[in-house]
Amino acid sequence: TVTGGVIQRYPMFRADVDGERLIQDLAMHIAQPCMFDAVLRMRTNAGIRPVEFCGNYMMQNATDMEIAVLTPNSTVTIEIKHDDKLAEDFQAYVQVALLYTSMSGQRKLRLHNLALPVSNSLAELYKSCDVDTVSNSLTKEMGKALLSNHTYKNLKE
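Have a look at this one:
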(Lines of atoms letter the chains of each structure in order from A; the text may use other names.)
(Lines give C-alpha, C1' and ligand atoms only; values in the text may rest on other atoms or scores of the structure.)
Protein backbone atom coordinates (compact mmCIF):
# COMPACT_ATOMS: atom_id res chain seq x y z
CA THR A 1 0.00 0.00 0.00
CA VAL A 2 1.06 3.58 -0.47
CA THR A 3 -0.49 4.66 2.85
CA GLY A 4 1.26 2.06 5.03
CA GLY A 5 -2.00 0.73 6.45
CA VAL A 6 -2.23 -2.32 8.70
CA ILE A 7 -4.15 -5.54 8.13
CA GLN A 8 -5.05 -7.66 11.15
CA ARG A 9 -6.29 -11.22 10.70
CA TYR A 10 -8.60 -12.97 13.14
CA PRO A 11 -9.22 -16.47 11.75
CA MET A 12 -12.64 -17.91 12.55
CA PHE A 13 -13.50 -14.68 14.45
CA ARG A 14 -15.77 -15.15 17.46
CA ALA A 15 -16.69 -12.09 19.49
CA ASP A 16 -16.63 -13.95 22.82
CA VAL A 17 -13.08 -15.29 22.18
CA ASP A 18 -11.41 -12.66 19.94
CA GLY A 19 -13.36 -9.54 20.92
CA GLU A 20 -10.92 -8.41 23.61
CA ARG A 21 -7.93 -8.86 21.27
CA LEU A 22 -9.72 -6.87 18.55
CA ILE A 23 -10.39 -4.01 20.98
CA GLN A 24 -6.76 -4.02 22.22
CA ASP A 25 -5.39 -4.02 18.65
CA LEU A 26 -7.73 -1.20 17.64
CA ALA A 27 -6.80 0.88 20.71
CA MET A 28 -3.08 0.36 20.07
CA HIS A 29 -3.34 1.49 16.43
CA ILE A 30 -5.46 4.53 17.29
CA ALA A 31 -3.22 5.64 20.19
CA GLN A 32 0.19 5.25 18.54
CA PRO A 33 1.90 8.46 17.41
CA CYS A 34 1.91 9.19 13.68
CA MET A 35 3.65 11.53 11.25
CA PHE A 36 1.76 12.70 8.18
CA ASP A 37 2.64 14.02 4.73
CA ALA A 38 6.33 13.10 5.04
CA VAL A 39 9.06 13.67 2.48
CA LEU A 40 12.30 11.71 2.92
CA ARG A 41 15.52 12.50 1.05
CA MET A 42 18.93 10.86 1.31
CA ARG A 43 22.12 12.75 0.55
CA THR A 44 25.52 11.10 0.21
CA ASN A 45 29.07 12.17 -0.49
CA ALA A 46 30.67 11.70 -3.92
CA GLY A 47 31.35 8.10 -4.92
CA ILE A 48 28.21 6.57 -3.40
CA ARG A 49 24.52 7.01 -4.21
CA PRO A 50 21.10 5.62 -3.29
CA VAL A 51 19.80 3.35 -6.06
CA GLU A 52 16.95 1.18 -4.78
CA PHE A 53 14.08 2.10 -2.47
CA CYS A 54 11.62 -0.20 -0.71
CA GLY A 55 8.67 0.75 1.50
CA ASN A 56 5.22 2.35 1.48
CA TYR A 57 5.90 5.50 -0.48
CA MET A 58 5.45 7.32 -3.76
CA MET A 59 8.23 8.96 -5.77
CA GLN A 60 7.40 11.94 -8.01
CA ASN A 61 11.10 12.50 -8.77
CA ALA A 62 14.35 10.56 -8.42
CA THR A 63 15.30 11.87 -4.96
CA ASP A 64 12.23 12.41 -2.75
CA MET A 65 10.20 9.64 -1.14
CA GLU A 66 6.70 10.90 -0.32
CA ILE A 67 5.15 8.97 2.56
CA ALA A 68 1.51 9.45 3.59
CA VAL A 69 1.75 8.12 7.17
CA LEU A 70 4.71 7.05 9.31
CA THR A 71 4.29 5.20 12.60
CA PRO A 72 6.89 3.81 15.02
CA ASN A 73 6.51 0.48 13.18
CA SER A 74 7.16 1.88 9.68
CA THR A 75 10.32 0.93 7.82
CA VAL A 76 12.01 2.12 4.66
CA THR A 77 14.93 0.36 2.99
CA ILE A 78 17.39 2.27 0.80
CA GLU A 79 20.15 0.43 -1.05
CA ILE A 80 23.38 2.38 -1.51
CA LYS A 81 25.91 1.59 -4.25
CA HIS A 82 29.37 2.89 -4.90
CA ASP A 83 30.37 4.06 -8.38
CA ASP A 84 34.14 3.64 -8.13
CA LYS A 85 36.59 1.66 -6.05
CA LEU A 86 36.62 3.17 -2.57
CA ALA A 87 39.85 3.65 -0.63
CA GLU A 88 40.28 1.80 2.67
CA ASP A 89 40.51 5.10 4.60
CA PHE A 90 37.39 6.48 2.89
CA GLN A 91 34.35 7.43 5.01
CA ALA A 92 30.92 7.08 3.42
CA TYR A 93 28.78 9.96 4.68
CA VAL A 94 25.00 9.64 4.59
CA GLN A 95 22.40 12.19 5.62
CA VAL A 96 18.70 11.38 5.71
CA ALA A 97 16.30 14.31 6.00
CA LEU A 98 12.66 13.74 6.91
CA LEU A 99 10.19 16.62 6.61
CA TYR A 100 6.80 15.75 8.15
CA THR A 101 3.65 17.06 9.79
CA SER A 102 3.26 16.13 13.46
CA MET A 103 -0.04 15.08 15.04
CA SER A 104 -0.43 18.65 16.35
CA GLY A 105 -0.17 20.04 12.78
CA GLN A 106 3.39 21.42 13.00
CA ARG A 107 5.81 20.90 10.09
CA LYS A 108 9.06 19.44 11.48
CA LEU A 109 12.41 18.39 10.09
CA ARG A 110 14.36 15.42 11.42
CA LEU A 111 17.97 14.80 10.31
CA HIS A 112 20.05 11.65 10.70
CA ASN A 113 23.77 11.75 9.90
CA LEU A 114 25.99 8.69 9.52
CA ALA A 115 29.68 8.22 8.85
CA LEU A 116 30.23 4.65 7.63
CA PRO A 117 33.71 3.13 7.44
CA VAL A 118 34.75 1.41 4.22
CA SER A 119 36.44 -1.99 4.25
CA ASN A 120 37.69 -4.53 1.69
CA SER A 121 37.47 -7.33 4.27
CA LEU A 122 34.28 -9.45 4.35
CA ALA A 123 35.01 -10.37 7.97
CA GLU A 124 34.90 -6.67 8.94
CA LEU A 125 31.71 -6.23 6.97
CA TYR A 126 29.96 -9.14 8.71
CA LYS A 127 31.08 -7.94 12.16
CA SER A 128 29.40 -4.57 11.70
CA CYS A 129 26.28 -5.74 9.85
CA ASP A 130 22.82 -6.04 11.45
CA VAL A 131 21.57 -9.52 10.50
CA ASP A 132 17.88 -8.71 11.13
CA THR A 133 18.05 -5.67 8.84
CA VAL A 134 19.83 -7.56 6.07
CA SER A 135 17.34 -10.45 6.32
CA ASN A 136 14.42 -8.02 6.19
CA SER A 137 15.90 -6.25 3.18
CA LEU A 138 16.60 -9.49 1.28
CA THR A 139 13.08 -10.76 2.01
CA LYS A 140 11.55 -7.56 0.63
CA GLU A 141 13.80 -7.75 -2.43
CA MET A 142 12.72 -11.34 -3.12
CA GLY A 143 9.05 -10.44 -2.68
CA LYS A 144 9.44 -7.54 -5.08
CA ALA A 145 11.16 -9.81 -7.62
CA LEU A 146 8.40 -12.42 -7.34
CA LEU A 147 5.73 -9.81 -7.96
CA SER A 148 7.51 -8.57 -11.08
CA ASN A 149 7.29 -12.06 -12.70
CA HIS A 150 10.95 -13.07 -12.57
CA THR A 151 11.69 -16.71 -13.22
CA TYR A 152 12.97 -18.99 -10.48
CA LYS A 153 16.36 -19.26 -12.22
CA ASN A 154 16.78 -15.47 -12.15
CA LEU A 155 15.76 -15.31 -8.47
CA LYS A 156 18.39 -17.89 -7.50
CA GLU A 157 21.10 -15.72 -9.07
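When we follow the working numbering, the leftmost residue of the sequence shown carries the number 1, and every step to the right adds one. Just so you know, even glycine gets a beta-carbon here, dropped at the ideal spot from N, CA and C.
- In the displayed model, Val76 falls within coil according to three-state DSSP, outside both helix and strand.
- Around Lys144, the same chain offers Cys54 as residues with beta carbons nearer than 8 Å, after the five sequence neighbours per side are excluded.
- The C-beta of Ala87 has fewer than 16 other C-beta atoms within 10 Å across all chains shown, which makes the residue exposed.
- With fewer than 16 other beta carbons inside 10 angstroms of its own, Leu109 counts as exposed.
- Taking a cut-off of 8 Å for Cβ pairs, the segment 93 to 106 and the segment 32 to 47 touch, as three or more such pairs fall below it.
- Taking C-beta atoms as the reference points, Ile7 and Met42 fail to come closer than 8 Å.
- Rounded to the nearest whole angstrom, the CA to CA distance from Gln106 to Val69 is 15 Å.
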